[in-house]
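Trainee:
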Amino acid sequence: MIIPHMVPYASPIYFVMLLVALLPIMIALLNGRRLNIYQSLITLFFLFVSFGGKDYRQGLALIFYVIFQSILVELYFRYRQKANHQWVFYGAVLLSIVPLIFVKVTPLFEAGNNSIFGFLGISYLTFKSVQIIMEMRDGVIKEYSPLTYIKFLLFFPTISSGPIDRYRRFEKDLKNPPTREDYLPFLQRGIHDIFMGFLYKFLIGYFFGQVLLPVVSFRALAEGGVSWYLVAYMYVYSMYLFFDFAGYSYFAIGTSKLMGYDTPINFNKPFLSWNIKEFWNRWHMTLSFWFRDYIYMRLMFTLIKKKVFKSRIVASNVGYFALFLIMGIWHGLTWYYILYGFYHATLICVTDAWLRFKKKHKKKLPSNKFTHAFAVVLTFHAVIFSFLIFSGFLDKLFFHHF
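Going by the working numbering, the first residue of the sequence shown is number 66, and it counts up by one from there.
#1: Mapping the DSSP letters down to three states, classify Ala86 as helix, strand or coil.
#2: Would you call the CB atoms of Ala126 and Phe184 closer than 8 Å?
#3: Quick one: Cα of Gly177 to Cα of Ile102, how far?
#4: Whole angstroms is fine: what's the gap from Ala440's alpha carbon to Ser353's?
#5: Please classify Thr436: does DSSP put it in a helix, a strand, or coil?
#6: Ignore the nearest five residues each way along the sequence and tell me which others in Met350's own chain have a CB closer than 8 Å to its CB.
#7: Using the three-state DSSP reduction, which class does Met71 fall into: helix, strand or coil?
#8: Go ahead and label Lys434 buried or exposed: buried means 16 or more other beta carbons lie within 10 angstroms of its beta carbon, across all protein chains shown.
#9: Roughly how many angstroms separate the alpha carbons of Met365 and Phe192, rounded to a whole number?
#10: Leaving out five residues before and five after Phe251 in sequence, what residues of the same chain have Cβ atoms less than 7 Å from its Cβ?
#11: In whole angstroms, what is the alpha-carbon distance linking Val301 and Leu95?
#12: To the nearest angstrom, how far is it from the Cα of Gln253 to the Cα of Met304?
#13: How should Ile237 be labelled, buried or exposed, when 16 other C-beta atoms within 10 angstroms of its C-beta is the threshold for buried?
#14: Apart from the five residues on each side of it in sequence, which residues of its chain come closer than 7 Å, Cβ to Cβ, to Tyr79?
#15: Under 6 Å Cβ to Cβ from His446, same chain only, skipping five residues before and after it: list those, please.
#16: Under DSSP, the alpha helix (DSSP H) around Trp395 begins and ends at which residues?
#17: Short check: CB of Ser225 to CB of Ser76, under 8 Å?
#18: For Thr367, is the classification buried or exposed, using 16 other Cβ atoms within 10 angstroms of its Cβ as the cut-off for buried?
#19: Go through its chain and collect everything with a Cβ distance to Gln123's Cβ below 7 Å, but skip five positions before and after it.
#20: Note the first and the last residue of the continuous alpha helix (DSSP H) segment covering Ser321.
#21: Does the beta-carbon distance from Ser451 to Tyr385 come in below 8 Å?
#22: Please report the residue range of the alpha helix (DSSP H) in which Thr213 lies.
#23: Do Leu112 and Leu219 have their beta-carbon atoms positioned less than 8 Å apart in this structure?
#24: Confirm, please, whether the CB-CB distance from Gly255 to Gly156 is below 8 Å.
#25: Beta-carbon within less than 6 Å of Asp230's beta-carbon, same chain only, minus the 5 sequence neighbours each way: which residues are those?
#26: Is it true that the CB of Ile215 sits closer than 8 Å to the CB of Ile206?
#27: Assuming the contact rule is C-beta atoms closer than 8 Å, Leu277 and Ala285 should be a hit. Round their C-beta distance to whole Å, please.
#28: Go through its chain and collect everything with a Cβ distance to Val158's Cβ below 8 Å, but skip five positions before and after it.
#29: Let me confirm a value: Trp355 is counted as buried when at least 16 other C-beta atoms fall within 10 Å, else exposed. Which label applies?
#30: Please state the DSSP three-state secondary structure of Asp358.
#31: Mind checking which residues open and close the alpha helix (DSSP H) that includes Tyr408?
#32: Which runs of the alpha helix (DSSP H) fall wholly inside the region 133-178 and span at least 4 residues, in chain order?
#33: Would you kindly work out how many angstroms separate the C-alpha atoms of Met362 and Ile369, rounded to a whole number?
#34: Could you give the first and the last residue of the continuous alpha helix (DSSP H) run that contains Tyr232?
#35: By how many angstroms is the C-alpha of Arg202 removed from the C-alpha of Tyr144?
#36: State buried or exposed for Trp293, treating a residue as buried only when at least 16 other CB atoms are found within 10 Å of its CB.
Below you can see the structure in the form of structure tokens.
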């Protein structure tokens, strides 16, 4: 029998295979044991399902990527035991992200796709590798196992689109399987999350993405320019984006829990946020926290330590713009992704200014359920407008319509 190539969590057959594969793991965990060898075998199986078959180039790219990153991290760990020169650290980080940069930049110079160089999930694997190198530099990771690193990198429930776990948290779960008493709540939560994933991705997400979105998209293009159909597209696309991605995240987290891993959540009611900073604490949380911890905070530390700016507010604003422009460029080297990053950086800086003003004048400014509701509605519309930019639909509408 030929095993078909499948995107994770995208077809009923994938879930059937997943259930069959996870049963021995679940039975073992109910007895307080982790089947490490078996887990490695089913990891290879699902990696083959996702990256092998006819699309073997992605599989080869993944193999070479893992070998490259494993050698790099091992060499840096050995070096870090003896010395801690900043330029070696910068070089290791740069080398770690070179494959991702190559994948992102190549399409600008070549026609067609870049699947020969990249693979599904290369960004999230790169974030994991950079994270480990940075924590080795900080001295947080004092013990390192190449095998644990590879298991962390290739943890198949989250490999394609996250959530982005942390090495030390994953290692703790790997080495300390839950007891029967601890695993039962994991099992219950895992089943709940998987069913929520079906609701979000295949029911609500399908309705917005496959039923409504083609209609409002066609109507908006037919009308041309700014129209009510464009406004409808903004709402519909935002709902589709959230429910589709949150549904995927539910699947990844639920599968992880069935395997005895407490993978962190990715979404926490983001559309109930009352300002844009709160939104980024609730939306794609593992990604936003990664950018915060490993880019923004380190950049801020450098700017303040080197006294590049006299004002901490100026330094903070520069940090926000650097952070969100990097995030925008990471999504793709197109004007709307870059504008998306610039827009969110501006919102963050304006929000910070408002919070400072509010703190100074809190006795004069009303604060009640009405103002909170108004803030939630305002934030929601600011966010979904950013998703309209992010979608690239404005590029199609205004620059490629005719």
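We put the CB at the ideal spot given by N, CA and C, even for glycine. Note that the structure is a prediction, hence the values are computed from the model and not measured.
Mentor: The structure says:
#1: In the sequence shown, residue 86 corresponds to position 21, counting from 1. If DSSP states are grouped into helix, strand and coil, Ala86 belongs with the helices.
#2: Stepping through the sequence shown from its first residue, residue 126 is reached at position 61. Stepping through the sequence shown from its first residue, residue 184 is reached at position 119. Yes, they are a contact pair.
#3: Residue 177 sits at position 112 when you count from the first residue of the sequence shown. Residue 102 sits at position 37 when you count from the first residue of the sequence shown. Residue confidence is low: Gly177 scores 46 on pLDDT, short of 50, so the model does not pin down where it sits. No coordinate-derived value is stated.
#4: In the sequence shown, counting from the first residue as 1, residue 440 sits at position 375. In the sequence shown, counting from the first residue as 1, residue 353 sits at position 288. Distance between the alpha carbons of Ala440 and Ser353: 21 Å.
#5: Residue mapping note: residue 436 aligns to position 371 of the sequence shown, counting from 1. Note: Thr436 maps to helix in three-state DSSP.
#6: Within the sequence shown, the letter at position 285 stands for residue 350. So the qualifying residues of the chain are Pro228, Pro329, Ile330, Asn331, Phe332 and Asn333.
#7: Indexing the sequence shown from 1 puts residue 71 at position 6. Correct three-state label for Met71: coil.
#8: In the sequence shown, counting from the first residue as 1, residue 434 sits at position 369. Classification for Lys434: exposed.
#9: Start at 1 with the first residue of the sequence shown, and residue 365 comes out as number 300. Start at 1 with the first residue of the sequence shown, and residue 192 comes out as number 127. Each residue's Cα considered, the two are about 19 Å apart.
#10: Position 186 of the sequence shown, counting from 1, holds the residue named residue 251. Here the set comprises Pro243, Lys322 and Gly325.
#11: Here residue 301 is taken as the residue at index 236 of the sequence shown, counted from 1. Here residue 95 is taken as the residue at index 30 of the sequence shown, counted from 1. So the two alpha carbons sit approximately 43 Å from each other.
#12: The residue given as residue 253 occupies position 188 in the sequence shown. The residue given as residue 304 occupies position 239 in the sequence shown. Their Cα atoms are separated by approximately 27 Å.
#13: By 1-based counting over the sequence shown, the position of residue 237 is 172. Note that residue 237 corresponds to Lys in the displayed sequence, not to Ile. Flag for Lys237 reads exposed.
#14: Taking the sequence shown and counting its residues from 1, one reaches residue 79 at position 14. If we look at Tyr79 and ignore the five residues flanking it on each side, its Cβ neighbours are Met71 and Pro73.
#15: Here residue 446 refers to the residue found at position 381 of the sequence shown. Contacts found: none.
#16: Taking the sequence shown and counting its residues from 1, the one referred to as residue 395 is at position 330. Run containing Trp395: Arg377 to His396, per the alpha helix (DSSP H) assignment.
#17: Within the sequence shown, the letter at position 160 stands for residue 225. Within the sequence shown, the letter at position 11 stands for residue 76. For Ser225 and Ser76, no; Cβs fall outside 8 Å.
#18: Within the sequence shown, numbered from 1, the residue matching residue 367 stands at position 302. Exposed: under 16 other Cβ atoms inside 10 Å.
#19: Indexing the sequence shown from 1 puts residue 123 at position 58. Phe116, Ser180, Phe184 and Leu185.
#20: Locating residue 321 in the sequence shown gives position 256, where the first residue counts as 1. Segment Trp293 to Leu323, the alpha helix (DSSP H) holding Ser321.
#21: For this step, residue 451 is matched to residue 386 along the sequence shown. For this step, residue 385 is matched to residue 320 along the sequence shown. No, they are not a contact pair.
#22: The sequence position of residue 213 within the sequence shown is 148, counting from 1. Note, Thr213: alpha helix (DSSP H), Pro211 to Leu218.
#23: Start at 1 with the first residue of the sequence shown, and residue 219 comes out as number 154. Start at 1 with the first residue of the sequence shown, and residue 112 comes out as number 47. Yes, the pair counts as a contact, with Cβ atoms nearer than the cut-off.
#24: The residue you call residue 156 lines up with position 91 of the sequence shown. The residue you call residue 255 lines up with position 190 of the sequence shown. Cβ atoms of Gly156 and Gly255: not closer than 8 Å.
#25: Stepping through the sequence shown from its first residue, residue 230 is reached at position 165. Counting only Cβ-Cβ distances below 6 Å, and skipping sequence neighbours, we find Thr328.
#26: One-based indexing of the sequence shown puts residue 206 at position 141. One-based indexing of the sequence shown puts residue 215 at position 150. Not in contact: Ile206 and Ile215 (Cβ atoms no closer than 8 Å).
#27: The residue given as residue 277 occupies position 212 in the sequence shown. The residue given as residue 285 occupies position 220 in the sequence shown. In fact, because the Cβ distance is near 12 Å, the residues do not count as touching under 8 Å.
#28: Residue mapping note: residue 158 aligns to position 93 of the sequence shown, counting from 1. Within the same chain, Val158 has close Cβ partners Val195, Ile198 and Met199.
#29: Translated into positions along the sequence shown, residue 355 becomes position 290. Counting Cβ neighbours within 10 Å, Trp355 comes out buried, since at least 16 surround it.
#30: On the sequence shown, position 293 is the one that residue 358 refers to. Of the three classes helix, strand and coil, the one that applies to Asp358 here is helix, per DSSP.
#31: Within the sequence shown, numbered from 1, the residue matching residue 408 stands at position 343. Looking at the DSSP string, the run of the alpha helix (DSSP H) that includes Tyr408 is Trp400 to Lys425.
#32: 151-170
#33: For the purposes of this step, residue 362 is identified with residue 297 of the sequence shown, where counting begins at 1. For the purposes of this step, residue 369 is identified with residue 304 of the sequence shown, where counting begins at 1. Near 11 Å, if we compare the C-alpha coordinates of Ile369 and Met362.
#34: Sequence index remark: in the sequence shown, residue 232 carries index 167 (1-based). That run of the alpha helix (DSSP H) goes Tyr232 to Lys240.
#35: Along the sequence shown, read from residue 1 onward, the residue named residue 144 stands at position 79. Along the sequence shown, read from residue 1 onward, the residue named residue 202 stands at position 137. Roughly 10 Å between the two C-alpha positions.
#36: As a first step, residue 293 is located in the sequence shown; it is residue number 228 there, counting from the start. Flag for Trp293 reads exposed.
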